[in-house]
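Residue numbers (my numbering), protein chains in the order written: chain H, 245 to 781; chain W, 417 to 657.
We put the beta carbon where it would ideally sit given N, CA and C, even for glycine.
Keep in mind the model is a prediction, meaning the values are calculated, not measured.
Heads up: the structure comes next, in structure tokens.
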Amino acid sequence: MKLTFWEITPITLFVIFIAPVALVLYSLTGEYSDNWTHLYEFVLTGYIINTVYLVTGVSILVSIIGVGTAWLITNYNFSGKNIFEWALILPLAVPPYILAYTFTGLFDTFGTANNLIRDVFDLGREFTFFPKVRNVPGAIIVFSFTLYPYVYLVSRMAFINQSRTMLEAGRTLGLNKFETFYKLGVPMIRPAIIGGLMLVIMETISDFGAVDHFAISTFTTGIFRTWYGMYDIETAKQLASLLLIFAVTLILIERYSRRNASYSNAMSLYKPLFLTKLKGIPNTLAFLICFTPIFIGFLLPVMELLYWALNYKLDFFNEKFITTAWNTFYLALIAAFLCSILAVIINFSIRYKSNNYLKVMSSFLTVGYAVPGLILAIGVMQMLTYFDQSLISEFSNFILTGSVMGLVLAYVIKSYALSSSTIEAGYQRINSRVDDVARTLKTSGWALLAQVHLPLLKTSFLTSMLLVVSEVIKELPATLILRPFNFDTLAVYTYIYAAEERMYDAAAPSIAIVMVGLIPIIILTRMIRTSRPASRD
Amino acid sequence: MTALEIKDLNHYYVKGKNVLNDVNLELEEGEILSILGPSGCGKTTLLRIIAGLEKETGGSILMKDQIISDHFHTVLTENRDVGLVVQERALFPHLTIINNVMFGVSGSKTERHSTAMRLLKLFRVDRYAYNYPNEISSGEQQRVAIARAMAPNPKILLMDEPFGTLDQSLTNQLRVETRKILKDNNITAIIVSHDFDDALSMSDKVIVIEDGTVIQSGSAKDITHISREKSVKFSSIKANT
């Protein structure tokens with residue numbers, strides 16, 4: 245069989261993406277140290293239980309927040325709706341570890357919130373008003389309120405593309421408005437919700453900053469402790485391998501649950517939704533439901549960070565800051581563009597070639613998202629070292645290890661799942677009959693992609709860029725390991741200060757991360773709004 | 417001249433369970449053929465195989481005496497010179513009506529534009545040339561879909577349940593209009609339908625397929641007499657779907 249570009253590209257990417265992960269997994273075949281035996285006998289069960297609690301709690305909460313707000317915004321007109329529509333994405337700019345820092349700063353016994361109430365009511369230090377947040381429920385809240393936009397974005401896109409006629413059919417069959425939501429609206433966008441939820445779960449299980457700050461033992465904290473506390477890199481990689489197996493299992497479950505789902509709309513039959521105007525109590529409730537996640541996930545941490553920064557120092561608009569912000573931004577844009585283009589090419593290949601092998605391969609390309617950044621960075625570094633030593637040195641003096649290319653490669657492998665899931669959801673909305681007709685009109689391959697698919701995937705492409713940019717700006721461990729010498733990003737600044745509990749110092753670069761993260765969110769959100777056919781109403 | 421010839425065509429997805437059995441047919445240039453049968457009988461599969469969207473598991477297809485698909489080689493869809501109209505219309509939503517119709521036409525921009533406008537005028541939708549598909553009615557969308565498929569001047573026009581989602585009066589009107597345009601322009605066409613009236617009012621020839629096998633073939637007039645019973649059967653299927 246003659247291989248074409250549409251088969252060669254996925255195979256090549258599969259090799260490049262899997263190699264670092266395989267290097268980590270290879271550790272399972274090595275020797276197991278005493279540290280491993282200790283971890284296995286005494287702490288591994290705890291890691292698993294805590295991880296399962298976190299994943300379950302976060303999944304439930306983000307589904308309620310993400311899907312609920314997306315439904316309200318798509319189907320109703322209420323006070324503040326036009327602002328909430330884009331403001332609900334704002335928490336994407338706040339990494340979970342920054343929300344965790346501000347939560348402890350706010351709600352600890354001598355945190356800002358408790359102090360404020362004590363001062364107002366002139367009470368003694370023995371009074372506390374907020375429950376402790378350094379525990380699993382606290383972490384669930386932190387993850388849920390920073391990660392729900394993943395579910396919100398995909399649900400909103402899917403709800404927008406739901407045809408009015410289908411929902412009206414439900415109403416005529418006796419469903420009330422709430423039943424239409426959970427019996428018809430939600431099941432119809434199940435593939436999109438599951439796609440968004442998988443991103444949230446993978447983000448949760450691979451996080452280190454927030455759980456470490458809350459002193460919750462999970463796989464990632466275990467990996468870091470084994471590495472930095474016991475200096476046992478092999479056992480750390482073996483632990484990471486277990487986490488990886490868990491992630492792969494999740495991906496397989498997700499694929500299995502979506503195996504027969506085909507929810508594409510016949511676009512020519514699409515009828516945009518009518519918006520219902522809410523008044524009185526329903527209007528207030530809708531306002532509160534949308535305001536609360538923005539308040540907890542964005543306004544509260546930003547206010548606390550500003551309070552810290554203004555009370556301590558606000559000296560970050562120097563040359564170093566501008567260079568660092570520029571480094572962060574251009575790296576994020578390059579990675580986002582590469583991820584999105586690759587996701588389009590891979591998903592197009594699967595659709596165009598109708599090849600199940602390519603489909604399975606594509607699932608494995610998303611594994612990088614569940615690999616903790618530090619472990620992925622080690623895998624990438626090992627791979628690049630091999631290239632430097634065995635291949636490239638033969639032809640040139642250029643060294644990949646420690647170059648921006650290595651960093652971009654790690655970002656692309658880590659963030660590809662975000663792009664793939666978004667582009668895949670976009671493709672589900674393009675009726676396959678459009679391809680059939682295009683082919684009879686002598687349009688195939690690149691022409692079909694460029695002239696038909698790309699214009700229809702514009703919204704998904706922009707959403708994919710948005711997700712990757714905000715992800716890369718927040719990425720810490722991979723940056724620390726792979727950054728070129730004397731090359732800083734904003735995340736590196738924040739990490740160094742926060743690790744030393746110097747929260748006032750961490751405030752300024754944290755604000756900068758949030759601000760830089762906001763720019764693409766605002767620009768891309770506006771572009772998404774104007775590019776949607778349904779937004780013409 | 418024979419526009420299309422299908423010889424001993426077989427097709428299956430699961431070995432031993434054929435969806436098409438030894439289908440043979442011949443279509444002269446300018447003739448309109450209807451493939452009639454209940455849902456799931458294999459008629460759409462046959463159309464997709466003619467278009468090259470699926471590869472038959474046995475038999476051969478010839479267009480104007482040239483083999484376009486057999487055991488040894490296959491001409492890709494994009495090189496077959498066929499036009500396709502589907503029930504869902506599948507108009508490109510990001511393109512205006514005129515750009516939809518110009519899409520598959522080759523030549524200079526002026527030539528492409530003039531071809532597209534001629535067809536839009538023929539189907540009386542030229543006033544919507546610069547509108548988007550979601551801004552016109554279903555009947556107008558279907559006219560545009562047929563115009564788009566005809567624009568590159570294909571050897572054969574394939575139509576899969578072209579009027580399936582339209583109301584009866586619009587369907588009747590479009591049947592008459594489409595047949596006139598096809599005949600005036602000497603276009604060879606195949607229409608897949610489960611509606612007996614489509615076949616009766618539009619075609620010169622009809623074949624009836626059941627469970628992947630051609631059970632009747634002949635002129636529309638012959639089938640009218642022979643298949644009264646089938647007609648009732650298909651109508652009841654249509655009413656139930």
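If you draw a straight line from the Cα of T479(H) to the Cα of G466(H), it is about 10 Å long. Taking 9 Å as the upper bound on Cβ-Cβ separation, chain H lies near no residue of the stretch 614-627 of chain W. Our two residues, A615(W) and G456(W), have alpha carbons roughly 18 Å apart in a direct line. The beta carbons of L411(H) and G429(H) sit closer together than 8 Å. Taking N730(H) as reference, the option from K564(H), N591(H), G670(H) and S598(H) with the minimal CA-CA separation is K564(H). One Cα belongs to L500(W), the other to L494(H), and the distance between them is close to 41 Å. None of the residues of the stretch 583-597 of chain H has a beta carbon lying less than 7 Å from any beta carbon of chain W.
Under the 10 Å beta carbon count, E498(H) is surrounded by 16 or more other beta carbons and is classified as buried.
Listed by position along chain H, the residues whose Cβ is nearer than 7 Å to that of T493(W) are R683 and T684. Using a CB distance cut-off of 8 Å, P578(W) does not count as an interface residue toward chain H.
Contact annotation, I657(H) with P264(H): C-beta distance approximately 7 Å; criterion of less than 8 Å satisfied. Residue pairing for Q632(W): DSSP places it in a beta bridge opposite V624(W). If you check each beta-carbon in the stretch 659-679 of chain H against every beta-carbon of chain W, the ones closer than 7 Å belong to N675, R677 and V678. At a beta-carbon threshold of 8 Å, the residues of chain W lying near S688(H) are L492, T493 and E494, ordered along the chain.
The three-state reading of DSSP puts E504(W) in coil, since its state is none of H, G, I, E or B. Q482(W) is bridged by DSSP to M479(W).
Within chain H, no residue has its CB atom less than 9 Å from the CB of L590(W), the nearest being about 15 Å off. Scanning chain H for C-beta atoms nearer than 9 Å to the C-beta of A467(W) yields D680, R683 and T684, reported in chain order. Beta-bridge annotation (DSSP): V608(W) is paired with I451(W) and D576(W). The alpha helix (DSSP H) runs of length 4 or more contained entirely in the stretch 570-615 of chain H are, from start to end of the chain, 600-609. Exclusion of the five residues before and after Y297(H) leaves V380 and I384 as the residues of its chain whose Cβ lies within less than 8 Å of its Cβ. In the DSSP assignment, E472(W) is bridged to no other residue. Residues of the stretch 506-531 of chain W with a C-beta less than 9 Å from any C-beta of chain H: A506, L507, F508, P509, H510, L511, F519, G520, V521 and S522, listed in chain order.
What G458(W) touches in chain H, judged by beta-carbon distance under 7 Å, is nothing: the nearest beta carbon there is about 17 Å away. Take the alpha-carbon of T512(W) and the one of G475(W): they are about 40 Å apart. The C-alpha of Q584(W) lies about 46 Å from the C-alpha of I585(H).
Rounded to whole angstroms, the gap between the alpha carbons of E447(H) and K537(W) is 56 Å.
According to the DSSP assignment, Y394(H) belongs to the alpha helix (DSSP H) that extends over V380 to I404. Under the 10 Å beta carbon count, H487(W) is surrounded by fewer than 16 other beta carbons and is classified as exposed. Under the 8 Å criterion on CB atoms, L700(H) is classed as interfacial with respect to chain W. Cβ-Cβ separation between L436(W) and T418(W): approximately 20 Å, too far for a contact (criterion under 8 Å). The C-beta of K471(W) has fewer than 16 other C-beta atoms within 10 Å across all chains shown, which makes the residue exposed. In terms of Cα proximity to G520(W), the closest of I562(W), I625(W) and Y546(W) is I562(W).
Residue pairing by DSSP places I422(W) opposite L441(W) and I477(W) in a beta bridge. Interface residue (Cβ-Cβ distance to chain H less than 8 Å): G474(W) is not classified as such.
In this structure, the beta-carbon distance from A402(H) to I433(H) falls below 8 Å.
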